[in-house]
Amino acid sequence: MVEEKLTQLKDRLARVRDLEYAAYVLQWDMETMMPPGGADARADQLATLEALAHQYFVDEEIGRLLDDLRPYEAQLDPASDEASIIRVTRREYQKKVRVPVALVEEITRTASLAHHAWVKAREEDHFAHFQPLLQRTVDLAIQWAECFDGQGNPYNPLLDRFEPGMTYDQIDAIFSGLKPELVRLVAAIVEHQDAVDDRILHLPWETEAQLAFGREVVAQMGYDFERGRLDLSAHPFTIHFGRGDVRITTRVDESISSCLMSIIHEGGHALYEQNTSPTLYRTLLDQGASYSAHESQSRFYENILGRSRPFWRHFYPRLQAALPALRDVDIETFYRALNRSRPSLIRVEADEVTYGLHIILRFELENDLINGRVQVADLPHEWNARMEQYLGLTPPNDRLGVLQDIHWAHGYIGYFPDYLLGTIFSVQLWERLKQDNPQAEAQVERGEFGPINAWMREQVQQHGMKFTLPELAQRITGGPLKWEPYMSYLRAKYGEIYGLS
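Using our numbering, the first residue of the sequence shown is number 1284, and each one after it goes up by one.
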């Protein structure tokens, strides 16, 4: 009887997951292939699929099955597939059942339309094109938050969409400890700017050559092109339709590192999805634990490995062969250029030291926006003022300021802090990995990513959505998520590069 009820639950979850995957396919097409004229129809299609998926998921029968399975769950190992499917499904069911289907449909439709408004506004450098739909997006986010009475800060339910179990106060405690330390390190590096020259990163390099080299690197890292592909988009992203189809995108600009590092970053996301356990397929759990857990993987491969000396001792000769203009540039010059730290306007191109301040700015703005302390019409001014305060820069236009990220267009209010939480966790993972595998750096230098990937698969990736970020931190590192190891990593690495005391 119990097995029959668990099978019924899995069958219902499979139907929900299939609808979500179908919506993902339409979303991927919208951001890579669809002509602009398809925007309105695509908004309707996505809204219908997301509404159906939500409606099926919050069906009363799923609630009854979860109640019936509670005694069985108590007898299981909490880390088992069965217990985790019941536990995580119940957690998400109890949240989503409070949200009306009509609200889900309207949020999805608005996000699709806002995406195209953002693209146009960014191209034309005109925030006013995006403002009405952004206002609608914020209004809908507030309506979502209002479905969860008793949550305190109305920003909390929005954070919980992307980071289950973490609140504004918990995240702010981490960021408040880190922020002054980052500010001090940024200031110290600014005083030694002449120590690093990154002009070699701006050598001309044709698009196809950049993409070809990026494919070579990410394939050796472990990304399986039999189960994935690389395309161009306005904003790099990773999307999956099951572990057998995980796609990444990038964009190409004048810096020879921008396209490559975004490919490595998205490749880290993709490795997560390609390595979830097949036993979780078509359940709610066949995806990353949370958005910050996902970012721990992408930032690990992009920064901890991809900006390290061992990584480039292996790949730099190949890069020199692919870009002959680098043949007379020694590896140390390239390494230092790749890791140059200086305040900059664009988050996705920010170095490891200044990146956290970009995220903290967005985290604070979102909290003020949802709590009514900042209005949508005032966002360009507030953005510029805080950029000046935190990084000493004022964007010359909206395209390089408030319009640079796609997240708000997609309704992802509450997502941004996960970038920094994941970055912090990536260092804790690296420290633990090196304890378990002292040869890890030497393996990277030889281009042997298998042992590192196997460790990540065992510790993080195979579990999919079984555990929250705090639970993963406790299981893997034996303690909570902490900002101090991350700050120590930055001080050591950039202190050496810039000759800081």
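Note that the Cβ used here is the ideal one computed from N, Cα and C, for glycine as well.
Looking only at its chain, what residues have a beta carbon closer than 7 Å to the beta carbon of LEU1408, apart from the 5 residues adjacent to it on each side?
Locating residue 1408 in the sequence shown gives position 125, counting from the first residue. A quick correction: the sequence has Asp, not Leu, at residue 1408. Cβ neighbours of ASP1408 beyond the five flanking positions: ASN1680, ASP1681, ARG1682.
Could you tell me the alpha carbon to alpha carbon distance between HIS1518 and ARG1758, rounded to whole angstroms?
As a position in the sequence shown, residue 1518 is number 235, starting the count at 1. As a position in the sequence shown, residue 1758 is number 475, starting the count at 1. So the two alpha carbons sit approximately 34 Å from each other.
- Below 8 Å, can you find three or more Cβ-Cβ pairs linking the stretch 1537-1554 to the stretch 1490-1503? yes
Notebook entry, point to check: Taking LEU1789 as the reference, which of GLU1647, HIS1577, HIS1337, TRP1595 has the closest Cα?
Noted result: The structure shown does not extend to residue 1789, since the chain spans only 1284 to 1784, so no value can be given for it.
(request) Could you say which of ARG1582, GLU1649, GLU1537, MET1670 lies nearest to ALA1553 if we only look at CA atoms? (result) Translated into the one-based positions of the sequence shown, residue 1553 becomes position 270. Here the closest residue by C-alpha is ARG1582.
### Message
Do ILE1587 and TRP1766 count as a contact pair if the criterion is CB distance below 8 Å?
### Response
Within the sequence shown, the letter at position 483 stands for residue 1766. Within the sequence shown, the letter at position 304 stands for residue 1587. Taking 8 Å as the Cβ cut-off, TRP1766 and ILE1587 do not qualify as a contacting pair.
**Request:** State the start and end residues of the unbroken beta strand (DSSP E) segment that holds ARG1625.
**Result:** Stepping through the sequence shown from its first residue, residue 1625 is reached at position 342. It is not in any beta strand (DSSP E) - ARG1625 carries neither H nor E in the DSSP assignment.
Original post:
What's the gap between the Cα of GLY1571 and the Cα of ILE1522?
Top reply: Mapped onto the sequence shown, residue 1571 falls at position 288. Mapped onto the sequence shown, residue 1522 falls at position 239. Straight-line Cα distance between these residues: approximately 11 Å.
* Can you have a look at PRO1447 and say buried or exposed, based on whether 16 or more other CB atoms are within 10 angstroms of its CB? => Taking the sequence shown and counting its residues from 1, the one referred to as residue 1447 is at position 164. It counts as buried.
Q) Using the beta-carbon count (16 or more within 10 Å), is VAL1285 buried or exposed? A) Locating residue 1285 in the sequence shown gives position 2, counting from the first residue. With fewer than 16 other Cβ atoms within 10 Å, it is exposed.
Open item on the list: Quick check: THR1637 and VAL1469, are their CB atoms within less than 8 Å of each other?
Closed with: Residue 1637 sits at position 354 when you count from the first residue of the sequence shown. Residue 1469 sits at position 186 when you count from the first residue of the sequence shown. Yes, the pair counts as a contact, with Cβ atoms nearer than the cut-off.
Does the beta-carbon distance from TRP1488 to ILE1531 come in below 8 Å?
Here residue 1488 refers to the residue found at position 205 when the sequence shown is read from its first residue. Here residue 1531 refers to the residue found at position 248 when the sequence shown is read from its first residue. Contact flag unset, no.
Please report the distance separating the alpha-carbon of ALA1404 from that of LEU1686. One-based indexing of the sequence shown puts residue 1404 at position 121. One-based indexing of the sequence shown puts residue 1686 at position 403. Approximately 8 Å between the Cα atoms of the pair.
- prompt: What is the rounded straight-line gap between the Cα of ALA1775 and the Cα of TYR1769?
  reply: Numbered from 1 along the sequence shown, position 492 holds the residue referred to as residue 1775. Numbered from 1 along the sequence shown, position 486 holds the residue referred to as residue 1769. ALA1775 and TYR1769: Cα-Cα distance of roughly 10 Å.
Check your understanding: From the DSSP output, which residues share a beta bridge with HIS1523?
Key -> Here residue 1523 refers to the residue found at position 240 when the sequence shown is read from its first residue. HIS1523 pairs with VAL1529.
Taking the straight line between their C-alpha atoms, what separation do you get for GLU1429 and ARG1347? Reading the sequence shown from its first residue, position 146 is the one you call residue 1429. Reading the sequence shown from its first residue, position 64 is the one you call residue 1347. Their backbone Cα atoms lie some 26 Å apart in a straight line.
Segments assigned alpha helix (DSSP H), at least 4 residues, entirely inside the stretch 1544-1596: 1574-1582
Q) What are the start and end residues of the beta strand (DSSP E) that includes TYR1514? A) To locate residue 1514, count along the sequence shown from 1; it is residue 231. This sequence places Asp at residue 1514; Tyr is not what is there. ASP1514 -> beta strand (DSSP E) spans 1513-1515.
Problem - ALA1668 classed as buried or exposed, judged by whether at least 16 other C-beta atoms fall within 10 angstroms - result: Here the question's residue 1668 lines up with position 385 in the sequence shown. Exposed is the call here.
PHE1617 burial status per 10 Å Cβ neighbour count (16 or more: buried): Translated into positions along the sequence shown, residue 1617 becomes position 334. Buried, by the Cβ-count rule.
Going by the CB atoms, is the gap between PRO1593 and GLU1724 shorter than 8 Å?
-> For this step, residue 1724 is matched to residue 441 along the sequence shown. For this step, residue 1593 is matched to residue 310 along the sequence shown. Going by C-beta atoms, GLU1724 is nearer than 8 Å to PRO1593.
**Request:** Could you check what DSSP says for CYS1430 in three-state terms: helix, strand or coil?
**Result:** Indexing the sequence shown from 1 puts residue 1430 at position 147. Residue state, collapsed to three classes: coil.
| said: Assuming contact is defined by CB atoms lying nearer than 8 Å, are GLY1639 and LEU1461 in contact in what I supplied? | reply: Within the sequence shown, residue 1639 is the residue found at index 356, counting from 1. Within the sequence shown, residue 1461 is the residue found at index 178, counting from 1. The answer is yes: Cβ separation under 8 Å.
Buried or exposed, going by whether 16 or more other CB atoms sit within 10 Å of the CB of THR1391? Against the sequence shown, residue 1391 aligns to sequence position 108. Buried, because 16 or more other Cβ atoms sit within 10 Å of the Cβ of THR1391.
HIS1485 classed as buried or exposed, judged by whether at least 16 other C-beta atoms fall within 10 angstroms:
Here residue 1485 refers to the residue found at position 202 of the sequence shown. The residue in question, HIS1485, is exposed, as its Cβ has fewer than 16 Cβ neighbours within 10 Å.
- Task: Assign GLU1671 to buried or exposed, taking buried as 16 or more other Cβ atoms, counted over all protein chains shown, within 10 Å of its Cβ.
- Result: Looking up residue 1671 in the sequence shown gives position 388. The residue in question, GLU1671, is exposed, as its Cβ has fewer than 16 Cβ neighbours within 10 Å.
- Apply the 10 Å Cβ neighbour rule to SER1771 and answer buried if 16 or more other Cβ atoms are within range, or exposed otherwise. Numbered from its first residue, the sequence shown carries residue 1771 at position 488. When all chains shown are included, SER1771 counts as exposed.
Out of curiosity, what's the CA-to-CA distance linking GLU1585 and LEU1289?
As a working mapping, residue 1585 is identified with position 302 in the sequence shown. As a working mapping, residue 1289 is identified with position 6 in the sequence shown. Distance between the alpha carbons of GLU1585 and LEU1289: 39 Å.
Euclidean distance between Cα positions of GLY1589 and LEU1335
By one-based count along the sequence shown, residue 1589 stands at place 306. By one-based count along the sequence shown, residue 1335 stands at place 52. Each residue's alpha carbon lies about 41 Å from the other.
(request) Using 10 angstroms around the beta-carbon of PHE1508, count the other beta-carbons present and answer buried if the total reaches 16, otherwise exposed. (result) As a position in the sequence shown, residue 1508 is number 225, starting the count at 1. Result: exposed.
So, is SER1784 buried or exposed, given that buried needs 16 or more other C-beta atoms within 10 angstroms? As a first step, residue 1784 must be located in the sequence shown, where it is residue number 501. Flag for SER1784 reads exposed.
Check your understanding: How far does the alpha helix (DSSP H) with GLU1767 in it reach, from first residue to last?
Key -> As a working mapping, residue 1767 is identified with position 484 in the sequence shown. That run of the alpha helix (DSSP H) goes 1767-1781.
Practice problem: Counting only the same chain and skipping the five closest in sequence on each side, list residues whose C-beta sits under 7 Å from that of GLN1742. | Solution: Along the sequence shown, read from residue 1 onward, the residue named residue 1742 stands at position 459. ILE1759, listed in sequence order.
Check your understanding: GLN1310 to GLU1491, Cα distance in whole Å?
Key -> Residue 1310 sits at position 27 when you count from the first residue of the sequence shown. Residue 1491 sits at position 208 when you count from the first residue of the sequence shown. Using only the alpha carbons, I get a separation of about 25 Å.
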